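Note that the sequence shown covers residues 8 to 216 in our numbering.
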Amino acid sequence: MGIAEDREMLLSKLSGAGYLRSQEVSEALRLVPREEFVNDSDRLLAYSDYPLEIGFGQTISAPHMVAMMTELLKPRKRDRVLEIGSGSGYQAAVLSLLASEVYTVEVEPDLALVAKENLQKAGRENVRVFVGDGSAGYPYFAPYDRIIVTCATERIYDSWKKQLKPGGIIVAPVGGFYMQTLVSLRKKRDGVFERDEHGNCRFVPLRKQ
Ligand code: SAH
8 MGIAEDREML LSKLSGAGYL RSQEVSEALR LVPREEFVND SDRLLAYSDY PLEIGFGQTI
68 SAPHMVAMMT ELLKPRKRDR VLEIGSGSGY QAAVLSLLAS EVYTVEVEPD LALVAKENLQ
128 KAGRENVRVF VGDGSAGYPY FAPYDRIIVT CATERIYDSW KKQLKPGGII VAPVGGFYMQ
188 TLVSLRKKRD GVFERDEHGN CRFVPLRKQ
């Protein structure tokens with residue numbers, strides 16, 4: 008079976024299981040070649056529903072987690088999105104098809120380079136990759152409509168809350184080293200945050216600098 012068939016099979020599995028709920032997110036997952044964001048030796052596994060090693064002890068999230076987080080984030084065409092934890096650049100590439108601009112911050116300089124190269128190869132021109140400690144957000148382009156955190160964080164930092172527009176949404180894995188809860192926060196017009204939980208997940212930890 009070829010990669011195109013693998014991809015369609017994965018998409019129908021993710022829809023059937025309820026991870027993919029919208030046409031837009033399905034289409035974004037269909038259009039971003041995940042095989043270009045994994046190690047060469049893992050290309051054949053690109054459309055299996057697993058996280059994969061991408062070097063430096065980091066991983067590209069499993070497709071169902073990317074689907075779930077993207078659905079929860081609800082990016083709109085005009086949105087400016089901040090991602091904490093660029094990794095391979097795959098999640099940023101998916102978001103770039105659904106939003107107007109994506110800003111992604113990566114603490115590991117060599118991975119930031121990998122993400123940049125992958126995004127360039129995939130032709131994603133509306134993504135900018137920055138090196139830095141994302142626990143401070145990225146104030147230079149704030150405020151954001153959406154913030155997605157793709158490393159495990161002990162808490163939702165005030166910097167993220169501040170850099171989010173009213174009406175905006177944050178999605179993050181919040182918890183300890185071994186397990187986190189997938190949390191979504193919505194900033195109401197009055198600045199108060201509404202919190203929802205969406206089950207357990209496991210991400211590599213946020214490293215503070
Ligand atoms: N979204 C990525 C997967 C992220 S893996 C993808 O689609 O491939 C988590 C990433 O968060 C790792 O690359 C790790 O280096 C990065 N990270 C950890 N702590 C960080 C911090 N404080 N600021 C920014 N990135 C961080």
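Backbone N, C-alpha and C define an ideal beta-carbon position, used for all residues, glycine too. Only a predicted model underlies this, so the values are computations on that prediction, with no experimental measurement involved.
Output the boundary residues of the alpha helix (DSSP H) element that contains residue i.
| i | result |
| --- | --- |
| D13 | I10 to G23 |
| L102 | Y97 to S103 |
| E124 | P116 to K128 |
Express the C-alpha separation of residue j and residue i in angstroms, rounding to a whole number.
| i | j | result |
| --- | --- | --- |
| E78 | V32 | 7 Å |
| S55 | D13 | 8 Å |
| Q216 | M8 | 44 Å |
| L38 | A11 | 11 Å |
| Y197 | R28 | Residue 197 is actually Asp in this sequence, not Tyr. Distance between the alpha carbons of D197 and R28 is about 29 Å. |
| V211 | E108 | 25 Å |
| F184 | R153 | 25 Å |
Taking Cβ positions, are residue i and residue j nearer each other than 8 Å?
| i | j | result |
| --- | --- | --- |
| L192 | C208 | no |
| P58 | S68 | yes |
| P150 | K128 | no |
| V73 | Q98 | yes |
Go to residue i, then tell me how far its beta strand (DSSP E) extends in each direction, as first and last residue.
| i | result |
| --- | --- |
| L192 | Q187 to K194 |
| T157 | Per DSSP, T157 belongs to no beta strand (DSSP E) and is neither H nor E. |
| D47 | No beta strand (DSSP E) holds D47; DSSP gives it neither H nor E. |
| K172 | L171 to G182 |
Run through DSSP, which three-state label would residue i get?
| i | result |
| --- | --- |
| L27 | coil |
| F148 | helix |
| K81 | coil |
| E132 | coil |
| D56 | coil |
| P212 | strand |
| G141 | helix |
| D165 | helix |
| V32 | helix |
Can you tell me the Cβ-Cβ gap for residue i and residue j, rounded? I've got them flagged as a contact below 8 Å.
| i | j | result |
| --- | --- | --- |
| L89 | Y110 | 5 Å |
| C158 | G92 | 4 Å |
I'd like to know if residue i contacts chain C, where contact means its C-beta is closer than 8 Å to some C-beta of that chain.
| i | result |
| --- | --- |
| Y54 | This model lacks chain C altogether, as it is built from one protein chain only. |
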